[in-house]
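Chain order of the listed sequences is A and B.
Under the working numbering, the first residue of the first sequence carries the number 1, and numbering increases by one thereafter.
Under the working numbering, the first residue of the second sequence carries the number 1001, and numbering increases by one thereafter.
Here the structure is laid out as structure tokens; the discussion comes afterwards.
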Amino acid sequence: MNATIIEAVNDALHKEMENDDKTVVFGQDVAESGGVFRATEGLLAEFGSDRVLDAPLSEIAIAGAAVGLATHGYRPVAEIQFSGFLPPAFDQLVTNASRIRWRTRGELTAPMVVRTPYGAGVRALEHHSESLEGAYGHIPGLKLAIPSTPHDAKGMLISAIRDPDPVLFMEPKHVYRSLREDVPEETYTEPLGKAAVRREGTDVTVVSWGSMMHNTIEAVDNLENVDAEIIDLRTISPFDRETVLESVRKTGRCVVVHEAAKTGGFGGEVIAAINDDALMYLEAPINRVTGFDIPVPLLSMEDFYIPHPPRIEEAIEETMSH
Amino acid sequence: MDNSPQSISFTPGDVGVDPISQGDVDIETYSVVDPDGSFDSERVPDLSDDEFRDLYRWMLVQRVYDDRATKLQRRGQLGTIASGRGQEASIVGSGSALSLDDWIFPYGREAAALLMHGLPLRDLLMYWRGIEDASRMRNANIVPMSISVGAHVPFATGKAWGMQLGDEDTVTFTNLGDGATSTGAFHEGMNLAGVLGVPAVFFCLNNQYAISLSFDEQTNAETVAQKALAYGIDSIRVDGNDVLAVYNAVSTARERALEGNPVLVEAVTYRRGAHTTSDDPTRYRSDEEVEKWKDRDPLERYRSFLEETGRWDAVDEAAIREEFGTEFEEAVEAADEFEERDVEEIFEYLYKEMPPELERQLAGLEDFLEERPDVYDHIERRPKG
Chain A
1 MNATIIEAVN DALHKEMEND DKTVVFGQDV AESGGVFRAT EGLLAEFGSD RVLDAPLSEI
61 AIAGAAVGLA THGYRPVAEI QFSGFLPPAF DQLVTNASRI RWRTRGELTA PMVVRTPYGA
121 GVRALEHHSE SLEGAYGHIP GLKLAIPSTP HDAKGMLISA IRDPDPVLFM EPKHVYRSLR
181 EDVPEETYTE PLGKAAVRRE GTDVTVVSWG SMMHNTIEAV DNLENVDAEI IDLRTISPFD
241 RETVLESVRK TGRCVVVHEA AKTGGFGGEV IAAINDDALM YLEAPINRVT GFDIPVPLLS
301 MEDFYIPHPP RIEEAIEETM SH
Chain B
1001 MDNSPQSISF TPGDVGVDPI SQGDVDIETY SVVDPDGSFD SERVPDLSDD EFRDLYRWML
1061 VQRVYDDRAT KLQRRGQLGT IASGRGQEAS IVGSGSALSL DDWIFPYGRE AAALLMHGLP
1121 LRDLLMYWRG IEDASRMRNA NIVPMSISVG AHVPFATGKA WGMQLGDEDT VTFTNLGDGA
1181 TSTGAFHEGM NLAGVLGVPA VFFCLNNQYA ISLSFDEQTN AETVAQKALA YGIDSIRVDG
1241 NDVLAVYNAV STARERALEG NPVLVEAVTY RRGAHTTSDD PTRYRSDEEV EKWKDRDPLE
1301 RYRSFLEETG RWDAVDEAAI REEFGTEFEE AVEAADEFEE RDVEEIFEYL YKEMPPELER
1361 QLAGLEDFLE ERPDVYDHIE RRPKG
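Shown next, in the form of structure tokens:
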């Protein structure tokens, strides 16, 4: 099938609900309306109101109830309508979901998924556009996946639902519908914790994830004289440092691109890994292209915030100039 | 000139608007045995003589446990602990009304309820000794202690939802203090429970204090019980120092919850001791206040009921103390014998499969411990004395 990310997510949910009748989908407006982005379209009609449920406007309860269901043998897939509304649920992720296995030495576990669209660029209202993966990736015990393509969205979501541990699944809403590709009809999985080399190259390693992957690819396409290797991190936690290190040892240069604010962003962690284990291979300082340390502006100024291809191109060229 | 509507001087007069106030709803505090020992025989539950005596025995167990655990803490053998002193009737009355298949979400003071639910005493002591292995909650349907106040409420709602989906004949039973009723998690968890109609009982041990903050300052609400009405769920306010009343209240709540009506039970009681062993309550409350509640001691009150109904003579208080004292000592010995664990344990249970970075960190720590054994000079596996 030829699918967008949103269609791929929807297909993954259908496949897993068919595959395992312990899978339960709930969240705000996910049942009757099929989700504000239509990610859960058709699930209610196919699987019924016991397994597809509209939750109250109550992020703490949605995340907390997911932990309860998961420890009781279910596979909850909860939707938080926009990641900007995930912070109230942060406590449930930190206090309950991420550590119930550890606290009970494996007696109780929380195999659950919280799906949430994240990121800027869709001209949404205030509080709808942030990228806080750095904060969520900092929670021990919580996995964090961010697909960037329809193929990965389906395969990684199926992996996340089957994962024995809690997974926060951040979906790049800016590219929900803007790109299509061939996605296998059948069920398949893409592993969590494994980065993808999107393009092989020898001059510089460019690491990114989520919607910024597409700005990165566009920037690299615009630079005719640079043979860049592009890595899609795909999972923030666990972080596939080996794929990054192997590439940097080959190219000797690196640029990290993310939409989240700079300070404390996950880019710093990528750079620290290179510093630990590939420093002597570097021929230039590592560059970062990120959002600024400000909230994402409202729509009239939003685009100033986003790392568009020209900023990425500049950074790659600067790195190449050493 | 300002022509905005806000500039109009407005006196509504009597236009028939009559706000609802909290006093409009009459909330009875259910009781069976009064502080003076008189009781309503119609309300006495249908229990055998041994069961009546067992309620006393468990309350005494809670009291002895709290005394002995506090002494152990003072000797540096336990970490910070929270006592249930004064709340014995709430703890034992509720614990006795549950089925062993129900799941308890504990909040930390309810030792006797956890022991009667099957948790080994050794493990309870190990938990307060800072040994995570105890949170396996061996042999008992109990989730680990909710040290984060209120955070367990939506968790319990979710687990009850699982029971509902599986058509199980069980409830989740969530213990919480009055402080927890001001958290967002409490409200969201109760609201969702009401929407779903899950088999959940929320048991608020309103002991009048959240550390130093009295209930009056915690909320402008006169009762905790009234909060349930906002979520369309049932509530019961009960004298929490009356073990028979609590038993009846929780038994009723449990039956209703099984029928799809979650219930909030407020047990009105009093925290006679400090918040925890790290707290000094003389800083924020008077001796007179504490003395006043001493008159309503749950054990003494129930003792007068047992005397009045001719069941007291067969209670051998000294024997109960001695028997539990022996159990306690054996549990301490067993806890002492719990094998020291390798550092691997604190890494290995976080994920089903350890991610490579965690493996690296563990290997690094293990190597370091071998290279620099002097680091053990800085490692103390016991509470700070």
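In this text, a Cβ means the ideal position worked out from N, Cα and C, and glycines have one as well.
When the Cα atoms are used, what is the spatial distance from residue i to residue j?
i, j, result
"ALA110(A)", "PRO1154(B)", "14 Å"
"GLY1023(B)", "GLY1189(B)", "25 Å"
"PRO1106(B)", "HIS1152(B)", "9 Å"
"ARG1237(B)", "ALA1267(B)", "6 Å"
"VAL220(A)", "GLU7(A)", "28 Å"
"ASN1261(B)", "GLY1162(B)", "15 Å"
"VAL257(A)", "GLU314(A)", "12 Å"
"LEU282(A)", "GLU229(A)", "15 Å"
"LEU223(A)", "CYS254(A)", "15 Å"
"TRP1058(B)", "GLY34(A)", "52 Å"
"THR235(A)", "LYS1071(B)", "49 Å"
"PHE1203(B)", "ASN19(A)", "38 Å"
"ASP227(A)", "THR205(A)", "9 Å"
"ASP1367(B)", "GLY134(A)", "30 Å"
"THR187(A)", "MET156(A)", "11 Å"
"LEU1125(B)", "ARG1063(B)", "15 Å"
"GLY1013(B)", "ASN1220(B)", "27 Å"
"GLU1371(B)", "GLY73(A)", "44 Å"
"GLN28(A)", "GLN81(A)", "7 Å"
"THR1011(B)", "SER1021(B)", "21 Å"
"LEU1369(B)", "VAL1375(B)", "7 Å"
"LEU132(A)", "ASP1034(B)", "56 Å"
"ALA124(A)", "GLY84(A)", "11 Å"
"THR1029(B)", "ASP1239(B)", "6 Å"
"VAL296(A)", "ILE217(A)", "23 Å"
"ASP1054(B)", "ARG162(A)", "47 Å"
Which of helix, strand or coil does DSSP assign to residue i?
i, result
"ASP91(A)", "helix"
"SER211(A)", "coil"
"HIS258(A)", "strand"
"LEU179(A)", "coil"
"ASN1207(B)", "coil"
"TYR1127(B)", "helix"
"LEU57(A)", "coil"
"VAL77(A)", "strand"
"ARG311(A)", "helix"
"SER1251(B)", "helix"
"PHE1052(B)", "helix"
"PHE1338(B)", "coil"
"SER237(A)", "strand"
"ARG1271(B)", "coil"
"THR71(A)", "helix"
"ARG1075(B)", "coil"
"ARG3(A)", "Rather than Arg, the amino acid found at residue 3(A) in this sequence is Ala. Note: ALA3(A) maps to strand in three-state DSSP."
"LEU1114(B)", "helix"
"LEU125(A)", "coil"
Since residue i sits in a beta bridge, which residues does DSSP pair it with?
i, result
"LYS143(A)", "VAL167(A)"
"TYR1030(B)", "VAL1238(B)"
"PHE1173(B)", "ILE1104(B), VAL1201(B)"
"PHE26(A)", "LEU53(A), ALA78(A)"
"GLU229(A)", "THR205(A)"
"SER1090(B)", "Paired residue(s): none; SER1090(B) is not in a bridge."
"VAL1265(B)", "PHE1203(B), ILE1236(B)"
"ARG253(A)", "Per DSSP, none; premise fails for ARG253(A)."
Am I right that residue i and residue j are in contact with their C-beta atoms under 8 Å? What's the rounded C-beta distance?
i, j, result
"GLU59(A)", "LEU93(A)", "With a Cβ gap of about 10 Å, GLU59(A) and LEU93(A) do not count as contacting."
"ASP293(A)", "ALA261(A)", "5 Å"
"VAL1250(B)", "ALA1097(B)", "4 Å"
"ILE1131(B)", "HIS1117(B)", "In fact, because the Cβ distance is near 20 Å, the residues do not count as touching under 8 Å."
"VAL1265(B)", "ALA1257(B)", "About 10 Å separates the two Cβ atoms, so there is no contact after all."
"ALA1185(B)", "GLY1150(B)", "4 Å"
"SER1083(B)", "GLY1273(B)", "4 Å"
Does the Cβ-Cβ distance between residue i and residue j come in under 8 Å?
i, j, result
"ARG1129(B)", "LEU1078(B)", "yes"
"ALA1111(B)", "TYR1065(B)", "yes"
"ARG180(A)", "ASP232(A)", "no"
"TYR118(A)", "LYS194(A)", "no"
"ALA1230(B)", "ILE1027(B)", "no"
"VAL77(A)", "THR4(A)", "no"
"GLU79(A)", "ALA39(A)", "yes"
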